[in-house]
Amino acid sequence: MSEMYIHSASSFIGGENTDPIFLKEKLSSYTEENFRRVNRFILLTLLGARQCVHNHVLDFDTAIYLTTEHGNLGETASVLDEIYTAGSLPKPFGFINTMSNTAAFYLARNLGVRGRNIMVSSQHLSFERGLELLQVDFALGATENALIGGVDEALLSRIALEEQTDRVFKMVNGSGWLYVKSVKDGACGEFSEIRSFSDGHACIKWITERGKSNVDVVSFGALIDADEAAAMKEILHPLAEFDYLCDYGYSGSATACGLGLFIMLFHGKTLLHINRDQRGHFAVIEVDRY
Amino acid sequence: MICSLGDSLEEIVDAVRHKRIRLERVPFTLASLPYTKPYYLIERNVTDKLHNRSEAYFYEVLFSAVSRAFLDAGLDRTEIRDMNVFFGSTSMDVPVFEGSHRKSSSTVSGIFLRSSYGYGKIAGAIVERFGIRGNCYSFATACTSSANALLYAAAMIEEGLIERALVVGYDLFNNLGFYGFEALKSIAETDYRPFDRTRDGLILGEACGAVILEGKRRKTGDFMHLGGANLCDTYSVTSHDEEGFAVAETMNRALRQAGILPGDICAVKAHATGTENNDRTECAAMRVTFGCEMPPVTCLKPFIGHTVGACGVNELILFTESVKTGFVPSTPGFREVDDKLNLTPLTENMEAGEGIFMLNYFGFGGNCTTLIISNKGDRE
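Protein sequence lines correspond, in order, to chains A and B.
Here numbering that gives the first Met the number 0 is used: the first residue of the first sequence is 0, the next is one more, and so on.
Here numbering that gives the first Met the number 0 is used: the first residue of the second sequence is 0, the next is one more, and so on.
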C-alpha cells in the first residue's frame, strides 16, 4: 500500500446534547473566524479538524476527506419543518447547509486550503471507505497531504445502530481527525494496513495467515459481536483491547474518534482496528504509533 | 437512464438529436405561493404523478435504471455479484420521507428523525436488491456528487483495487430542493438558457442514471476515462470566484492527469447551470484554460434540467450516447450572445467521431470536478 504517515490526530467527543454555543466557544481558541449561520454538524467538523492541525502549517494543496453516516441530516429535518409545517420557503442558509459538504467547505476556507474536497459515506464503514479513497489519491499522486475525519451527531446515530445490535452505548457527538501525509518526516505514526473483506471468514483467514503479529492493541467497531471479537483476540493475543465505544461513547463516526484517541493515548504501540457493517463486510485498519 | 425525456436510451438520444424537451410547471402549494415554476419531471405513466409517489416508486426507478445498465453492459451474475457500487446524489432519500409524510399524520422531520439510516442507505438497497458483494461508496458533494463517484470509481479501477464499478447518479423531485432553490431565487421563470444574455436561472430536473466502468472496453465506441480532478474553490459556499482561476485549475489538473493538452479537447460539456455566477465563472475559467483556442461547448441541462447531484452520471450518459450515434448535442434555447461572456454554445448538433472530451461539474461548497473521457482506440 502507499505510504500514509500520520502527522497528528484529534478526537472531539461531546455529550448527546452538546450546545452549538459551547462548540463555538471551544472553536474560538483555535481560530479567530466568527462562523455565522452554521449548525452543530459544521461546528463539530471545524472543531475536530482544527484541534487536529493545531500548530501545523498546512500546504495550500491539502485535501479534505469528510466521512459521515448522517451528515447534516439534523439540519435537513429543521428545513423540512419550515416547508411542511410552517408552510414557507426555507431560509437560504438553512437550505444550503442541508448539503453536508458545506462543512468541508467551511473547513477548507478556514484552513486556507484548496485541495480535493470529498464527502463520502458507507453504512457503518464510512471512515474505512474514506481512507480507501485517500489511499487511491496518494497512490495516483492526486494529493500528498490530507485531513481525513469522521463527524456525526448523536441525534441520528442511535437509529442506525439500534437496528443492528443489542449492545447499548452512550450516544455522543463525535468528530475524529487525522492529518496524513505521504512523507514520514515529522510523523507520529503510520497506516500499515487498510483492508476490506467480504465476510468474517476472509478477515479471520487473513489475520491467521499473517503469522506472527506485532499488534499490541485491538479495537472493535460497534457491530462486531462478542464471539467475533473473542475469535480475533484468540488469534492476535494482543496486550490490550482499547474499548473506546464503552469508554467514550458511540457516534456514527466512532471509528475516526477511536483512531484519533489511539494516536493521542498509546505511544509506541500498534493498533489493529476491526469493524464490520450490517452486511457482514469486514474492514481492518492497522496503525503504528511511533 | 431514466429522465424527463424517457426511459430508453434510444428514445432519449432521439429527443436530444431533435431538440425535444418536456418541461412541466409545478406549484408551491405548501407555501401557498401564487405562481408555478418549471421542472423537468420523469413521467413514464400515470402513477408517476408527483402526488402518487411512494417509497416503492423511488426504488422502482432506481432498480430499473440499474437493471438496464447491467443488461446493456452484458454482465453475467458473477460480474454483478463482485462489483463495487459508487453512488452520488444531493437529495439522497429525502423524496422517500416526503412521500411517506403524505400517508402519515407525523411531520416529515418526525418520520425522518425516527427512520433515517444515513447517506449510505440507497447504495445499501442496490447491493441488497442485486446480490452485489462489493463495497459501497456514497458521495455527497452537492452537484458534483455523482461526478466524484465516477472520478473515484475510475481511479480505483486504474489502481487495480477493483475490477468493475456500478456508478449511479440519482436525484428525484423533492420539495426540499424545489423550495430551497426558490428561496435562493435561482429558478428560471420559463426557459432554460445557459450562457444566453437573457438567462434567468436554473431549472431543476429529476433523473436516475447508471453506468458500468471496468478496465477494458467491451464494445467498440465505449468511452474511456483518461483522467480527472477535484478541487475546492473557497471563494463562497454558494458561488465560485468569477475570475475562474480555481475552476480553471481543476480543468488543467484533469488535463495533466489525462496526459493531454488543452488543444486535444474536441468539445467541452459545460456545467452551465444558467445562473449568473456559474456561467460567468465557467466562461472565465474556460478562457484561462483554452485561451483563444476555445473548443466547441455544449450545455445539456436544457434537455433534462439541472439534476443536481445526479448530473455527473446523467450528463455523461447523455453526452456519450449522443456521440456514439455520431453527434455532439447542441444547446436548445440559446438565442442571444451575452457580450460579457462572448461565448456561443453549439446551436446545431456537431458531427462527432473519435475524440477526447472534457466534462465539467461544479457545486455548492466550492466543489469543482472535471472529467476527461475519450472514445479513441485503446491507448498504448
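Glycine residues also receive a C-beta, built at the ideal position from the N, C-alpha and C atoms.
**Prompt:** What's the gap between the Cα of residue 244(B) and the Cα of residue 287(B)?
**Reply:** One-based indexing of the second sequence puts residue 244(B) at position 245. One-based indexing of the second sequence puts residue 287(B) at position 288. The alpha-carbon atoms of residue 244(B) and residue 287(B) are separated by roughly 7 Å.
**Interface residues of the stretch 130-144 of chain B facing chain A [CB-CB below 7 Å]** = 132, 134, 135, 136, 137, 138, 139, 140 and 141
**Asked** Within 10 angstroms of its Cβ, does residue 234(A) collect 16 or more other Cβ (buried), or is it exposed?
**Response** Mapped onto the first sequence, residue 234(A) falls at position 235. Burial call: exposed.
**For residue 180(A), three-class secondary structure by DSSP** = Taking the first sequence and counting its residues from 1, the one referred to as residue 180(A) is at position 181. Reduced to three states, the DSSP call for residue 180(A) is strand.
**9 Å Cβ cut-off: residues of chain A touching residue 363(B)** = One-based indexing of the second sequence puts residue 363(B) at position 364. In chain order: 95, 98, 100, 101 and 104.
**Request:** Report the neighbours of residue 158(B) on chain A: residues whose CB is nearer than 8 Å to its CB, in chain order.
**Result:** Counting from one through the second sequence, the residue named residue 158(B) turns up at place 159. Within chain A, the residues near residue 158(B) are 135, 138 and 139.
**Message:** Just to check my reading of the structure: residue 124(A) and residue 239(A) have Cβ atoms closer than 8 Å, yes? What is that Cβ distance to the nearest angstrom?
**Reply:** Numbered from its first residue, the first sequence carries residue 124(A) at position 125. Numbered from its first residue, the first sequence carries residue 239(A) at position 240. Contact doesn't hold; Cβ gap of about 24 Å is too wide.
**Message:** Which residues in chain B have a C-beta closer than 8 Å to the C-beta of residue 68(A)? List them in chain order.
**Reply:** Position 69 of the first sequence, counted from the first residue, corresponds to residue 68(A). Result: 117, 118 and 119.
**Request:** Say whether chain B places a C-beta atom closer than 8 Å to the C-beta of residue 6(A).
**Result:** The residue you call residue 6(A) lines up with position 7 of the first sequence. It does not: the Cβ of residue 6(A) has no partner Cβ on chain B nearer than 8 Å.
**Message:** Please return the same chain residues whose Cβ sits closer than 6 Å to the Cβ of residue 161(B), not counting the five positions on each side in sequence.
**Reply:** Numbered from its first residue, the second sequence carries residue 161(B) at position 162. So the qualifying residues of the chain are 83 and 155.
**Message:** Restricting to Cα atoms, I'd like to know which of 289(A), 126(A) and 215(A) is closest to residue 69(A).
**Reply:** Along the first sequence, one-based indexing puts residue 69(A) at 70. For residue 69(A), the nearest C-alpha among the options comes from 126(A).
**Request:** May I ask you to list, following chain order, the residues of the stretch 159-185 of chain B that have a beta carbon less than 7 Å from some beta carbon of chain A?
**Result:** Taking a C-beta cut-off of 7 Å against chain A, the contacting residues of the stretch 159-185 of chain B are 160, 174, 175, 178, 179, 181, 182 and 183, listed in chain order.
**Asked** Listed in chain order, which residues of the stretch 291-318 of chain B have Cβ atoms closer than 8 Å to some Cβ of chain A?
**Response** none
**Alpha-carbon to alpha-carbon, residue 216(A) and residue 298(A)** = This structure does not reach residue 298(A), given that chain A is present from 0 up to 289, and the question cannot be answered.
**Asked** Does the beta carbon of residue 44(A) come closer than 8 Å to any beta carbon on chain B?
**Response** Sequence index remark: in the first sequence, residue 44(A) carries index 45 (1-based). Closer than 8 Å: no.
**Asked** Cβ atoms of residue 3(A) and residue 89(B): under 8 Å apart, would you say?
**Response** Residue numbering aside, residue 89(B) sits at position 90 when the second sequence is read from its first letter. Residue numbering aside, residue 3(A) sits at position 4 when the first sequence is read from its first letter. No, the pair does not count as a contact, with Cβ atoms beyond the cut-off.
**Cβ-based burial, residue 96(B) [other Cβ within 10 Å; buried from 16]** = The residue labelled residue 96(B) in the question sits at position 97 within the second sequence. With 16 or more Cβ atoms within 10 Å of its Cβ, residue 96(B) is classed as buried.
**Message:** I'd like the ranges of any alpha helix (DSSP H) spanning at least 4 consecutive residues and lying wholly in the stretch 62-116 of chain A.
**Reply:** Within the stretch 62-116 of chain A, the alpha helix (DSSP H) runs of at least 4 residues that lie entirely inside it are, in chain order, 72-83, 91-95 and 100-110.
**Message:** For residue 260(A), which residues in the same chain have their Cβ closer than 6 Å to its Cβ, ignoring the five residues on either side in sequence?
**Reply:** In the first sequence, residue 260(A) corresponds to position 261, counting from 1. Apart from the 5 residues on each side of it in sequence, residue 260(A) sits with its Cβ closer than 6 Å to the Cβ of 10 and 243 in its chain, given in chain order.
**Asked** Using CA coordinates, which residue listed in 71(B), 16(B) and 60(B) is at the minimum distance from residue 125(B)?
**Response** Counting from one through the second sequence, the residue named residue 125(B) turns up at place 126. Nearest of 71(B), 16(B) and 60(B) to residue 125(B), Cα basis: 60(B).
**Request:** Quick one: measure Cβ to Cβ for residue 387(B) and residue 272(B), integer angstroms, because I've assumed they're closer than 8 Å.
**Result:** Shown here, chain B extends from 0 to 379; a query on residue 387(B) therefore has no answer.
**Message:** If we define contact as Cβ-Cβ less than 8 Å, is residue 74(B) a contact residue for chain A?
**Reply:** Position 75 of the second sequence, counted from the start, is the residue given in the question as residue 74(B). Chain A, which has no Cβ nearer than 8 Å to the Cβ of residue 74(B), makes this no.
**Prompt:** What does residue 5(B) touch in chain A if you count any residue whose Cβ is under 8 Å from its own?
**Reply:** By 1-based counting over the second sequence, the position of residue 5(B) is 6. Those within 8 Å of residue 5(B) in chain A number zero; the least Cβ separation is about 29 Å.
**Asked** So, is residue 184(B) buried or exposed, given that buried needs 16 or more other C-beta atoms within 10 angstroms?
**Response** Taking the first residue of the second sequence as 1, we reach residue 184(B) at position 185. The residue is exposed, with fewer than 16 neighbouring Cβ atoms inside 10 Å.
**Asked** Cβ atoms of residue 13(A) and residue 151(A): under 8 Å apart, would you say?
**Response** Translated into positions along the first sequence, residue 151(A) becomes position 152. Translated into positions along the first sequence, residue 13(A) becomes position 14. Not a contact, by the Cβ cut-off of 8 Å.
**Asked** Who does residue 192(A) pair with in a DSSP beta bridge?
**Response** Here the question's residue 192(A) lines up with position 193 in the first sequence. Answer is 285(A), bridged to residue 192(A).
**Request:** Return the bridge partner residues of residue 211(B) from the DSSP annotation.
**Result:** On the second sequence, position 212 is the one that residue 211(B) refers to. Its beta-bridge partners are 165(B).
**Prompt:** Cβ of residue 80(B) within 8 Å of Cβ of residue 132(B)?
**Reply:** If you number the second sequence from 1, residue 80(B) lands on position 81. If you number the second sequence from 1, residue 132(B) lands on position 133. Against a cut-off of 8 Å, the Cβ pair of residue 132(B) and residue 80(B) comes out as a contact.
**Request:** Check whether the stretch 206-215 of chain A touches the stretch 22-38 of chain A, counting contact only when three or more Cβ pairs, one atom from each stretch, lie closer than 8 Å.
**Result:** no
**Message:** Which residues of the stretch 144-155 of chain A have a Cβ closer than 8 Å to any Cβ of chain B? Give them in chain order.
**Reply:** Flagged, chain order: 154 and 155.
**Request:** Below 8 Å on the Cβ atoms is my guess for residue 150(B) versus residue 38(B); work out the distance and round it to an integer in Å.
**Result:** Walking along the second sequence from the start, residue 150(B) turns up at place 151. Walking along the second sequence from the start, residue 38(B) turns up at place 39. That pair is no contact at about 28 Å.
**Asked** So, is the C-beta of residue 237(B) closer than 8 Å to a C-beta in chain A?
**Response** Looking up residue 237(B) in the second sequence gives position 238. With 8 Å as the cut-off, residue 237(B) counts as an interface residue toward chain A.
**Asked** Would you call residue 379(B) buried or exposed, if buried means 16 or more other Cβ atoms sit within 10 Å of its Cβ?
**Response** Counted from its first residue, the second sequence places residue 379(B) at position 380. Residue placement at residue 379(B) is poorly supported in this model, since its pLDDT is 40, which falls under 50; the coordinates still yield a value, given next. Flag for residue 379(B) reads exposed.
**Message:** Would you call the stretch 256-267 of chain B in contact with the stretch 342-359 of chain B, where contact means no fewer than 3 C-beta pairs closer than 8 Å?
**Reply:** These segments touch.
**Prompt:** At a Cβ threshold of 8 Å, is residue 88(A) touching chain B?
**Reply:** Reading the first sequence from its first residue, position 89 is the one you call residue 88(A). Closer than 8 Å to some Cβ of chain B, the Cβ of residue 88(A) qualifies, so yes.
**Message:** Which residues of the stretch 199-230 of chain B have a Cβ closer than 8 Å to any Cβ of chain A? Give them in chain order.
**Reply:** Within the stretch 199-230 of chain B, the qualifying residues are 228, 229 and 230.
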